[in-house]
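Visitor: My questions all concern the structure below.
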């Protein structure tokens, strides 16, 4: 899904359609993201690795900026040498196109560190 990070996010409402299985599979197969199921909710997941805590923290803040720009927030776990990021849409308890877009933006941010 080349260029997905450039797409525009739309506000996700409780009745919003989730991303299609095809969109999700295409994204996962072309990136380092995977699908996990936590508490019955499918989520996008990726673990980013770093050489130290400082770089992990810089990336965590970058993900926070990405999330704040769109008003859509992931679960983030920051540890020495790694950051785990989980994207899904709380309102629909599924993966929305916004999640794919923002996951791709995380990858762009990671490539700049």
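Numbering (the numbering used here), first residue to last: -12 to 100. Backbone N, C-alpha and C define an ideal beta-carbon position, used for all residues, glycine too.
Any idea if residue 67 is buried or exposed, counting beta-carbon neighbours within 10 angstroms, 16 or more meaning buried?
Guide: For the purposes of this step, residue 67 is taken as the residue at position 80 of the chain shown. So residue 67 ends up on the exposed side.
Visitor: I need the straight-line Cα distance from residue 100 to residue 46, nearest angstrom please.
Guide: Along the chain shown, one-based indexing puts residue 100 at 113. Along the chain shown, one-based indexing puts residue 46 at 59. Rounded to whole angstroms, residue 100 to residue 46 spans 7 angstroms at the Cα level.
Visitor: Could you say which of 81, 54, 37 lies nearest to residue 7 if we only look at CA atoms?
Guide: As a working mapping, residue 7 is identified with position 20 in the chain shown. Looking at the Cα atoms, 81 is the closest of the given residues.
Visitor: Buried or exposed for residue 24, please, with buried defined as at least 16 other CB atoms from any protein chain shown within 10 angstroms of its CB.
Guide: Against the chain shown, residue 24 aligns to sequence position 37. So residue 24 counts as exposed.
Visitor: Can you grab the Cα-Cα spacing for the pair residue 72 / residue 57, in whole Å?
Guide: Here residue 72 refers to the residue found at position 85 when the chain shown is read from its first residue. Here residue 57 refers to the residue found at position 70 when the chain shown is read from its first residue. Residue 72 and residue 57: Cα-Cα distance of roughly 16 angstroms.
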